[in-house]
Amino acid sequence: MAKPTARWTERLEHLDRRIIFLVVAVGILVPLVAPLGLPVTVTEPVQAFRDQIDGLPPGSAVLVSADWDPGSRAELLPATVALFHHLFQRDVRVLIISLWPAGPRMVEQALAEVRGAHTKTYGKDYVNLGFKEGAEVVMVSLGDNLPATFPADYYGTPVSTLPVLRGIKSYKDIAMVITLSAGYPGTKEWVQQVQDRYNMPMISACAGVSAPEYYPYYQAGQLKGLIGGLKASAEYETVLERKGFAVAAMDAQALGHYIIIGFIILGNALYLINKWTNLGARKE
Amino acid sequence: MDWSMTVGNVLAVFLTLAIFSFLYRDNPIYKTAEHFFVGLAAGYFIVIQYHTVFLPNLWQPLTHDVAALFRSGQAAQQLAGSLALMQLGAAAQHGLWQAFSPDIKGILDPVTFHGWRLALIVPLAMGLLMFTQLMKKYAWLSRWPMAVVIGSFSGLALLGNAQGDLLPQIKANLIPFIKPGSWTAFWADPGLFTFLDVLWNPVLIIGVISVLIYFFFSVEHKGAIGGVAAVGIGFLMISFGAAYGNTVMTRISLLIERFDFLLKPATRYITLVTLLLLLAYFIITAFKDKHKARIER
Amino acid sequence: MRSEVPMFITLFFGLFFIISAFIVHPAYKSAAQELNNWTLIIISFAYVLGVINVARIHAKKLEERRPGWAYSVMTLFGMLIMIVFGIFVPARLYGGYETGSLFSWLFDNGQVPMQATMFSLLAFFIASAAFRAFRVRSVTASLLAVTAVIVMAGRVSVGELMWSDFPRFVEWIMGDLQTAGQRAVKIGAALGAVATGLKIILGLERSYFSGE
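Protein chains in written order, with our numbering: chain G, 1 to 284; chain E, 285 to 581; chain V, 582 to 793.
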């Protein structure tokens with residue numbers, strides 16, 4: 001006996017996933033080729049992030065922990081670049097560390113985009129101290145003796161010879177910790193180990209997937225500012241008036257989101273149609 | 285023409301599209317790229333550990349600093365300083381406080397007494413013991429350095445979770461049921477957001493308590509407890525929904541960056557050529573597979 | 582010896598890191614800094630062991646000519662070229678790890694694009710899962726779906742065009758509504774982590790001693 005032909009709704013419900021992939025690919029490509037230039041409104045956590053940096057006393061030192069790697073480049077490179085632009089506009093010393101092995105090279109990529117626009121000098125105004133293994137152990141170790149934890153910078157230069165680290169021994173000499181976080185170790189560990197113990201003002205730029213987890217910290221005041229994801233990075237670029245990749249990606253981001261929403265609605269609609277039709281057929 | 289940048293772009297585009305080829309189907313080009321990536325990542329890791337941890341924190345202090353210390357003759361001075369310990373005898377007569385003379389403090393402080401650096405033999409030995417895990421007969425020795433790692437992270441996790449998560453988050457939820465001023469603000473200017481501001485504190489209080497009751501499995505979720513737990517599940521689903529939305533945002537962002545890279549002026553023609561080559565490869569392999577299947581039939 | 586010494590080491594280091602939070606005496610702090618450094622070094626060796634294991638597995642596959650051994654050649658080749666050029670070759674022959682070396686070139690043009698692309702594949706799979714697997718079968722599932730749709734719609738610029746206060750509404754969901762659930766999960770997880778940490782430090786939990 002011949003198998004009954006599946007209805008078009010049943011065939012559509014089990015669509016070859018490669019067609020779904022193609023729809024997503026085209027949906028992302030079109031706005032990249034023909035951008036719409038949609039506006040970006042700045043939200044409160046991003047404004048707070050900006051205000052915290054603007055409130056830094058002149059001559060103070062900030063510790064930036066770049067805890068991300070190429071897997072989160074899309075969201076965190078724009079945030080890192082915008083952050084460095086913002087910090088280099090101010091009279092602050094920037095100490096950059098990383099708790100992820102690929103972090104220092106990501107920092108170098110961000111610094112390469114920023115250097116030409118400012119007159120800051122490496123070793124005097126900012127330094128890339130590189131990577132150190134140990135996650136929370138490093139965070140706690142910095143509280144005792146920063147130069148002993150990072151005896152040399154990323155290039156092997158002893159920190160005792162770098163003017164940017166003059167007078168900096170531990171968190172007592174740092175005005176703020178800024179964490180750029182893609183996972184573990186990241187913002188959560190910084191808040192747990194450093195924020196409360198050393199009463200350290202802290203702000204964070206994180207991957208979108210981590211943002212829901214960090215909102216309780218922001219709401220509790222443990223984080224004074226939060227940039228969560230590419231949209232928030234676009235808001236940060238907008239508020240700094242330095243539009244970059246994040247703002248340019250917003251059109252494609254919008255279409256991508258609405259494609260996913262469309263798939264959720266269509267998938268459920270087909271499921272319900274097929275369910276009711278099969279129920280009706282069984283009753284007959 | 286910067287050849288290293290051009291060749292680099294060709295390699296980057298080829299490897300990007302090789303990974304994307306997995307979306308069509310698993311194939312040898314994807315597998316080769318994947319395995320190459322694993323090798324590069326593993327090699328990168330070793331090199332970075334060597335240059336940023338092994339050399340500055342272990343090898344250089346252990347070898348060069350100690351060697352320089354002996355060369356400069358400071359060793360004799362430091363050793364003489366240890367004789368200050370003999371002052372302890374005299375200090376016992378005058379009180380314990382005298383025991384903490386500057387010389388003894390100098391010995392206790394790792395910054396001034398370079399002899400401490402010799403003690404780095406201990407973590408070096410412990411680190412090397414880690415590799416005994418690769419030898420069945422001596423694998424039990426690797427438990428010692430693993431115990432250091434596990435003990436450290438357990439202590440830090442205990443402290444961090446208690447002082448960073450548990451207490452501050454509970455404290456942040458000990459708030460008045462209605463935010464002060466929110467009710468007045470709502471009546472002065474009735475609107476959605478003034479209303480949501482009135483709801484701010486009750487949502488947090490009811491939400492946190494109901495979810496915590498849901499997680500309390502020692503009591504059966506029946507009756508009033510079951511009702512509160514059901515409200516808790518609702519709040520949990522809302523959190524998961526928000527997490528899903530943000531996850532989608534992250535994934536789409538990652539894809540946008542890759543497409544942006546492939547469409548840059550420096551790479552778009554390389555992308556086109558590589559795509560055509562990949563297409564040709566898949567068409568040829570499809571014909572070959574079809575031909576093979578026909579012969580087997 | 583086999584279990585007593587590791588248990589003592591776990592207890593010592595666990596207590597050391599807890600006590601370090603409460604003692605501020607400079608002499609203790611100096612000694613603590615040295616122990617911190619020792620721990621960093623030992624942790625570093627642990628990760629190196631992981632990488633050596635990867636090399637061992639692929640070398641064995643190559644030696645025994647198991648199916649797919651040719652791919653293991655690529656893994657070992659990638660690993661060796663990074664290690665040799667990153668550590669042993671002098672800078673004048675493109676060695677070292679700074680910008681301009683073969684190591685950094687391979688990282689920028691090999692590892693970065695491949696790692697970024699691997700993570701970007703997830704966008705396609707999340708779309709496929711959204712269409713084929715995301716089914717709203719109950720009230721709680723519909724809560725999840727509705728929240729997800731609102732957050733996705735409101736987090737992008739098109740949402741602002743539909744309703745100018747959409748981003749502000751989404752911020753309320755993120756900062757208040759979903760924070761309640763996340764906070765409760767954090768409190769529960771923190772309680773669990775404190776209990777587990779205590780059990781490990783006091784030797785009541787010894788599963789990490791592989792087999793005990």
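In this text, a Cβ means the ideal position worked out from N, Cα and C, and glycines have one as well.
As the structure is a computational prediction, the values presented were derived from the model and not from experiment.
- Message: With a threshold of 8 Å between beta-carbons, can Gly123(G) be considered close to chain E, or not?
- Response: no
- Message: Quick check: is the beta carbon of Phe21(G) nearer than 8 Å to any beta carbon in chain V?
- Response: yes
- Task: Using 10 angstroms around the beta-carbon of Phe669(V), count the other beta-carbons present and answer buried if the total reaches 16, otherwise exposed.
- Result: exposed
- Note down the Cα distance separating Ile459(E) from Gln333(E), rounded to an integer number of angstroms. 47 Å
- Task: Indicate whether Leu616(V) and Ala640(V) have their beta-carbon atoms separated by less than 8 Å.
- Result: no
- Query: Got a sec: which bits of the stretch 193-221 of chain G sit with their beta carbon under 9 Å from any beta carbon on chain E, in order along the chain?
  - Reply: Gln193, Val194, Gln195, Asp196, Arg197, Ala207, Gly208, Val209, Ser210, Ala211, Pro212, Glu213, Tyr215, Pro216, Tyr217, Gln219, Ala220 and Gly221
- Message: At the level of alpha carbons, what is the spacing between Val159(G) and Leu339(E)?
- Response: 14 Å
- DSSP three-state call for Met521(E): helix, strand or coil? helix
- Task: Take Phe626(V) as the anchor and find which of Val433(E), Phe304(E), Gly444(E) and Met419(E) has the nearest alpha-carbon.
- Result: Val433(E)
- Task: Could you tell me the distance, in whole angstroms, from the CA atom of Gln382(E) to the CA atom of Val605(V)?
- Result: Because Gln382(E) sits at a pLDDT of 47, beneath the cut-off of 50, its placement in the model cannot be relied upon, and the point is left open.
- Message: Which residues in chain E have a C-beta closer than 9 Å to the C-beta of Leu779(V)? List them in chain order.
- Response: Ser438 and Leu442
- Query: Between the stretch 664-694 of chain V and chain E, which residues of the former have CB atoms less than 8 Å from a CB of the latter, in chain order?
  - Reply: Ile664, Gly667, Ile668, Tyr678, Phe684, Trp686, Leu687, Phe688, Asp689, Asn690, Gly691, Gln692, Val693 and Pro694
- Message: I want to see whether chain V comes within less than 8 Å of Met419(E), judged by CB atoms only; does it?
- Response: no
- Query: Grouping DSSP H, G and I as helix and E and B as strand, with all else coil, what is Leu272(G)?
  - Reply: helix
- So the alpha helix (DSSP H) Leu742(V) belongs to, where does it begin and stop? Ser738 to Met743
- Excluding the 5 residues preceding and the 5 following Ala110(G) in the sequence, name in chain order all residues of the same chain whose CB lies nearer than 7 Å to its CB. Leu77, Thr80, Val81 and Phe84
- Task: Taking only beta-carbon positions, decide if Phe461(E) is within less than 8 Å of chain G.
- Result: no
- the ligand NAP heavy atoms versus the CB of Lys124(G): any closer than 7 Å? This structure does not include the ligand NAP; it has no bound ligands of any sort.
- For the alpha helix (DSSP H) holding Leu99(G), just list the boundary residues, first then last. Per DSSP, Leu99(G) belongs to no alpha helix (DSSP H) and is neither H nor E.
- Using beta-carbon positions only, say whether Leu38(G) and Val739(V) come within less than 8 Å of one another. yes
- Query: Between Ser685(V) and Gln193(G), what straight-line distance do the alpha-carbon atoms span, to the nearest angstrom?
  - Reply: 33 Å
- Task: Would you kindly check if the distance between the Cβ of Phe598(V) and the Cβ of Leu440(E) is under 8 Å?
- Result: yes
- Task: Under 8 Å between beta-carbons, which chain G residues line up against Phe479(E)? List them in chain order, please.
- Result: Correct list: empty, because the minimum Cβ distance to chain G is about 18 Å.
- Message: If the criterion is Cβ atoms closer than 8 Å, does the pair Ala74(G) and Leu538(E) meet it?
- Response: yes
- Message: Tell me which residues share the same chain as Val247(G) and place their Cβ nearer than 8 Å to its Cβ, disregarding the 5 neighbours each side in the sequence.
- Response: Val40, Ala234, Glu237 and Thr238
- Would you tell me roughly how many angstroms separate the C-alpha atoms of Leu270(G) and Thr531(E), rounded to the nearest one? 24 Å
- Just tell me which of Arg90(G), Asp196(G) and His257(G) has its CA closest to the CA of Ile731(V). His257(G)
- Under the three-state DSSP convention, the category Met430(E) falls into: helix
- Closest to Pro694(V) by CA distance: which of Leu488(E), Thr551(E) and Thr569(E) is it? Thr551(E)
- Task: Enumerate in chain order the residues of its own chain whose CB-to-CB distance from Asn485(E) is below 7 Å, with the five nearest sequence positions on each side excluded.
- Result: Ile459, Pro460, Phe461, Ile462 and Lys463
- Item | Host beta strand (DSSP E) of Asn128(G) (start-end) | Tyr126 to Phe131
- State the DSSP-derived secondary structure class of Leu266(G), mapped to helix, strand or coil. helix
- Closest residue to Phe712(V) among Pro45(G), Phe263(G) and Gly143(G) (Cα-Cα distance): Phe263(G)
- Message: If we define contact as Cβ-Cβ less than 8 Å, is Leu643(V) a contact residue for chain E?
- Response: no
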